[in-house]
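Trainee: If you read the sequence shown in UniProt numbering, its first letter stands for residue 1, the second for the next number, and so on.
To start, I am sharing the structure in question, which I have written as structure tokens.
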Amino acid sequence: LDHLVCQYLSVTQTVTWLYGDPRHVLYARNSTGWYCGTGPNKDKPNLFYFDILKCATSINIMATALNGLQCPTTQVCVESCPSTFWAVGLKAFSEEDKAKVFNQSLCVPSINLENTKFVGHIIVSFMYNELCPFFHIPTTPGEWNQLFMDILNGFNARDVGVRIFEDFASSWPWILLGLLIAMVVSLLFLLLLRFTAPVLVWVLILGVLGVGAYGIWHCYWEYDNHKQMSASINDIGFTTNFSVYLQVQETWLAFLIIISVVEAILILTLIFLRTRILIAIALIQESSKAVSHIMSALLYPVVTFVLLLICVAYWGATALYLATSGGPIHRVVALNSTTGDCMSINGTVDCDPQVSQLWNYPGCPSARCIFIKYDDESLLQKNLFNLQIYNAVAFLWCVNFVIALGQCTLAGAFASYYWAFNKPDDIPMFPVSGGFIRSLRYHVGSLAFGSLILTLVQIVRILLEYIDHKTREAQNPVARFILCCMKCCLWCLEKFIKFLNRNAYIMIAIYGKNFCVSAKNAFSLLMRNVVRVVVLDKVTDLLLFFGKLLVVGGVGVLSFFFFSGRIPLPGSTFRSETLNYYWMPIITVVFGSYLIALGFFSVYSMCVDTLFLCFLEDLERNDGSLQKPYFMSKNLMKILSKSNKAPKRDKR
1 LDHLVCQYLS
11 VTQTVTWLYG
21 DPRHVLYARN
31 STGWYCGTGP
41 NKDKPNLFYF
51 DILKCATSIN
61 IMATALNGLQ
71 CPTTQVCVES
81 CPSTFWAVGL
91 KAFSEEDKAK
101 VFNQSLCVPS
111 INLENTKFVG
121 HIIVSFMYNE
131 LCPFFHIPTT
141 PGEWNQLFMD
151 ILNGFNARDV
161 GVRIFEDFAS
171 SWPWILLGLL
181 IAMVVSLLFL
191 LLLRFTAPVL
201 VWVLILGVLG
211 VGAYGIWHCY
221 WEYDNHKQMS
231 ASINDIGFTT
241 NFSVYLQVQE
251 TWLAFLIIIS
261 VVEAILILTL
271 IFLRTRILIA
281 IALIQESSKA
291 VSHIMSALLY
301 PVVTFVLLLI
311 CVAYWGATAL
321 YLATSGGPIH
331 RVVALNSTTG
341 DCMSINGTVD
351 CDPQVSQLWN
361 YPGCPSARCI
371 FIKYDDESLL
381 QKNLFNLQIY
391 NAVAFLWCVN
401 FVIALGQCTL
411 AGAFASYYWA
421 FNKPDDIPMF
431 PVSGGFIRSL
441 RYHVGSLAFG
451 SLILTLVQIV
461 RILLEYIDHK
471 TREAQNPVAR
481 FILCCMKCCL
491 WCLEKFIKFL
501 NRNAYIMIAI
511 YGKNFCVSAK
521 NAFSLLMRNV
531 VRVVVLDKVT
541 DLLLFFGKLL
551 VVGGVGVLSF
561 FFFSGRIPLP
571 GSTFRSETLN
581 YYWMPIITVV
591 FGSYLIALGF
601 FSVYSMCVDT
611 LFLCFLEDLE
621 RNDGSLQKPY
631 FMSKNLMKIL
641 SKSNKAPKRD
651 KR
């Protein structure tokens with residue numbers, strides 16, 4: 001047991017040296033107050049317990065009173081744990097050679113055995129006051145323990161971290177090159193959509209129809225083969241081996257009917273919605289043109305990322321401050337509760353380790369003032385949980401506000417593009433900066449109110465998840481079903497609130513009205529054009545998914561072949577054999593490429609949504625006359641068979 005404690009403390013002290021231990025629970029100190037392995041104890045990394053049996057709460061009243069937070073026995077830092085059996089014997093009371101009685105390295109640092117005259121009662125005093133241990137057992141690791149320590153050393157987190165750092169140090173230029181390639185590919189994909197959007201959309205649509213047609217043929221072929229073999233479900237009956245059902249004709253007939261119905265629905269939808277698909281393609285092309293004229297919008301996700309980092313840092317700092325706001329509590333503890341008046345000490349009296357108060361206990365020479373815990377009884381500590389909840393709610397609100405600010409800023413920039421009658425001459429000089437300034441100057445209240453609504457819904461979802469987690473073992477099937485339905489409904493509600501807020505911010509950026517009016521107008525406008533909304537949303541999602549797959553997949557495959565050595569470089573600029581873990585740069589490039597694609601495509605998605613609402617407003621409020629000319633592009637007017645009577649100088 002001593003060996004396990006000694007080795008455990010050695011390992012935990014290493015861990016806490018890396019990650020910190022503000023409460024001094026894992027990273028133990030000896031009686032001098034210095035940490036083992038630091039300061040005067042630099043060469044003494046292990047902590048030795050004089051009487052490890054006192055740590056057992058089942059046999060020690062004082063250990064029970066301390067709730068296992070501290071072990072009520074003297075602890076000293078030692079260079080190495082004892083390796084032999086030893087105990088104070090009867091001969092020690094008459095021994096004149098002090099070195100044969102106690103080991104100086106295991107005694108408390110304040111005791112100098114060389115200057116101590118040993119007689120019987122002195123030895124007894126040493127034992128009762130725990131100035132030196134009166135027994136110890138071997139703590140030399142055995143074969144299995146040595147094997148365990150070797151495994152730990154092989155997987156040492158610090159060593160792995162150093163190796164990963166070395167990999168990043170040697171490969172960071174190529175990682176940056178991979179991220180630069182991802183950025184260029186994302187930008188080219190968005191800019192070329194003005195030319196490739198029709199081809200990509202129709203190829204993807206025809207690809208889906210082609211997959212459905214192949215499924216129909218394959219199902220019919222399987223059905224015909226099993227029909228000729230007279231394989232019927234009546235010959236099988238009910239079985240839990242579901243693969244058997246693939247050997248009967250009825251299964252393939254059911255697949256054939258289902259896929260045929262889905263294929264017919266898709267073809268009919270394509271026929272009846274072809275005009276709306278053409279409008280969606282035209283808006284996607286127009287969005288690509290808008291991005292090409294407002295390239296600075298692609299950099300705005302960096303601003304959002306920085307603001308989110310500030311929110312996370314503030315929340316983390318506040319949470320840590322609240323968690324460590326209590327002062328340390330020290331209490332008087334008897335190291336040997338069986339002598340004198342020590343039995344009256346129950347570990348409930350506070351003390352100050354800097355000011356000796358142990359003279360109040362003259363009948364208990366083993367009384368000590370030790371650290372117990374941090375204060376949790378003051379007014380602040382009693383409301384600490386409520387303050388942490390308040391901090392978490394504020395964090396969610398700030399995050400949602402930052403996202404809303406970004407959406408309103410980008411909506412203002414792209415709306416200024418659409419409502420420019422002569423493009424690009426009428427586009428403002430700094431549309432993104434102008435949208436950001438307008439959002440902060442005029443729309444902070446609306447953005448905060450919309451963010452608050454979304455935050456409240458998220459809080460209810462979190463509470464529901466917490467209740468489900470705490471009561472999962474006590475739930476019956478009915479309760480689980482009800483909770484599942486409630487979580488599903490709240491998830492749908494959160495998605496709807498996000499969708500409504502997004503379009504409300506666009507209307508705020510266009511007209512400058514408050515949140516409630518803008519949300520009402522945006523919702524009414526979208527409901528009057530619900531089919532167009534669905535078609536545009538799905539076509540845009542399909543294109544952006546294909547774009548993300550192209551960027552992340554392409555750059556990921558390229559980085560794999562490069563960092564694994566399958567694409568060698570001429571010369572000795574970089575060699576993949578020098579990498580300890582070649583998959584770390586690959587993961588970094590793939591993750592960074594995903595973030596880059598996500599940032600670029602989120603801007604483009606906001607552009608599409610903004611131009612779509614502007615298009616619907618343009619279509620409802622204008623008629624192409626001299627007084628109310630259309631602001632839409634010529635391509636959109638051609639699709640809708642619209643025209644402007646007013647002369648329009650479009651240099652595109």
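Just so it is clear, CB atoms sit at the ideal spot from N, CA and C, and this is done for glycine as well.
None of the values given here were measured: they were computed from a predicted structure.
#1: So the candidates are Gln285, Leu307 and Ser378; which of them puts its Cα closest to the Cα of Leu322?
#2: Which residues in the same chain as Ile281 place their Cβ atom closer than 8 Å to its Cβ, once the five residues preceding and following it in sequence are excluded?
#3: What's the call for Asn644, buried or exposed, on a 16-neighbour Cβ count within 10 Å?
#4: For Arg480, I'd like the list of residues in its chain whose CB is within less than 7 Å of its CB, leaving aside the five on either flank, ordered along the chain.
#5: DSSP on Gln627, reduced to helix/strand/coil?
#6: Leaving aside the five residues before and after Val531 along the sequence, list all residues of the same chain whose C-beta is less than 8 Å from its C-beta, in chain order.
#7: If you run the structure through DSSP and keep just helix, strand and coil, what is Val333?
#8: How long is the line joining the alpha carbons of Gly565 and Tyr505, rounded to whole angstroms?
#9: Straight-line CA distance for Ile586 to Ile310?
#10: Do Leu193 and Ile284 have their C-beta atoms within less than 9 Å of each other?
#11: Are Val76 and Leu47 closer than 9 Å when you measure CB to CB?
#12: Can you give the Cα-Cα distance for Val389 and Pro328, rounded to whole angstroms?
#13: Give me the residue from Tyr594, Thr578, Ile453 and Asn129 with the minimum Cα distance to Asp167.
#14: Taking only the alpha-carbon atoms, compute the straight-line gap between Pro353 and Asp43 and give it to the nearest angstrom.
#15: Is the CB-CB distance between Gly406 and Val303 below 9 Å?
#16: Looking at the structure shown, is Tyr582 part of a helix, part of a strand, or coil, going by DSSP?
#17: Please report the distance separating the alpha-carbon of Lys498 from that of Ile164.
#18: Just the Cα atoms here: how many angstroms apart are Ser170 and Met584?
#19: Tell me whether Gln249 is buried or exposed, calling it buried when 16 or more other Cβ atoms sit within 10 Å of its Cβ.
#20: Using the three-state DSSP reduction, which class does Cys36 fall into: helix, strand or coil?
#21: Along the chain, where does the beta strand (DSSP E) that runs through Cys369 open and close?
#22: If you draw a straight line from the C-alpha of Pro477 to the C-alpha of Leu493, how long is it?
#23: According to DSSP, simplified to helix, strand and coil, what is His443?
#24: So what's Lys642 in DSSP terms, helix, strand or just coil?
#25: Go to Cys77, then tell me how far its beta strand (DSSP E) extends in each direction, as first and last residue.
#26: Would you say Ala87 reaches chain B, if we count a Cβ-Cβ gap shorter than 9 Å as a contact?
#27: Helix, strand or coil for Phe523? Go by DSSP, reduced to three states.
#28: Relative to the alpha-carbon of Ile596, which residue among Leu626, Asn360, Leu246 and Ile181 has its alpha-carbon at the smallest distance?
#29: Looking at the unbroken alpha helix (DSSP H) that takes in Leu200, where does it start and where does it end?
#30: Give me, in chain order, the residues of the same chain whose beta-carbon lies closer than 7 Å to that of Leu256; leave out the 5 immediate sequence neighbours on both sides.
#31: If you draw a straight line from the C-alpha of Leu549 to the C-alpha of Tyr594, how long is it?
#32: May I ask you to verify whether the region 408-423 touches the region 431-445, counting CB pairs closer than 8 Å and requiring at least 3?
#33: What residue range is occupied by the uninterrupted beta strand (DSSP E) comprising Tyr511?
#34: Do Ala319 and Asn391 come within 9 Å of each other at the CB atom, strictly closer than that value?
#35: Examine the Cβ distances between the region 453-463 and the region 393-405 and report whether three or more of them are shorter than 8 Å.
#36: Below 6 Å CB to CB, which residues in the same chain sit around Asp623 once its five sequence neighbours on both sides are set aside?
Mentor: Short version:
#1: Ser378
#2: Ala197, Pro198, Val201 and Val539
#3: buried
#4: none
#5: coil
#6: Leu273 and Arg276
#7: strand
#8: 49 Å
#9: 28 Å
#10: yes
#11: yes
#12: Sequence inspection shows Ile at residue 389; the Val mentioned does not correspond to that position. When rounded, the distance between both Cα atoms is 24 Å.
#13: Thr578
#14: 25 Å
#15: yes
#16: coil
#17: 39 Å
#18: 12 Å
#19: buried
#20: coil
#21: Ala367 to Tyr374
#22: 24 Å
#23: coil
#24: coil
#25: Gln75 to Val78
#26: Judged by its chain identifiers, the structure shown contains no chain B, having just a single protein chain.
#27: helix
#28: Ile181
#29: Leu193 to Gln228
#30: Ile216, Cys219, Tyr220 and Tyr223
#31: 9 Å
#32: yes
#33: It is not in any beta strand (DSSP E) - Tyr511 instead sits in the alpha helix (DSSP H) that spans Pro477 to Tyr511.
#34: yes
#35: yes
#36: none
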